[in-house]
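In the working numbering, the protein residues as written are 31 to 93.
Structure below.
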């Protein structure tokens, strides 16, 4: 049981150190990819809202 506890603690320490090491490396293209992702999501929302409103209008018109 003690061996498993030590193993869990070691894995936890390695995970924390790895996470902190990776977060220290900034992404150079972060602002470009963020702008592109925001544009894509906005376009998706506009299309979905338009389709939803048209569908709702057709549903109301048919009933």
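From the three backbone atoms N, C-alpha and C, an ideal C-beta is built for every residue, glycine too.
Nothing here was measured: the structure is a model prediction, and the numbers come from that model.
Through-space distance from residue j to residue i, alpha-carbon basis
i, j, result
"residue 94", "residue 59", "This structure cannot settle anything about residue 94, because the visible part of the chain is limited to 31 through 93."
"residue 37", "residue 50", "20 angstroms"
"residue 80", "residue 70", "15 angstroms"
"residue 83", "residue 91", "12 angstroms"
"residue 89", "residue 48", "54 angstroms"
Residues of its chain near residue i, where Cβ-Cβ distance is below 8 angstroms and the 5 sequence neighbours each way are ignored
i, result
"residue 32", "none"
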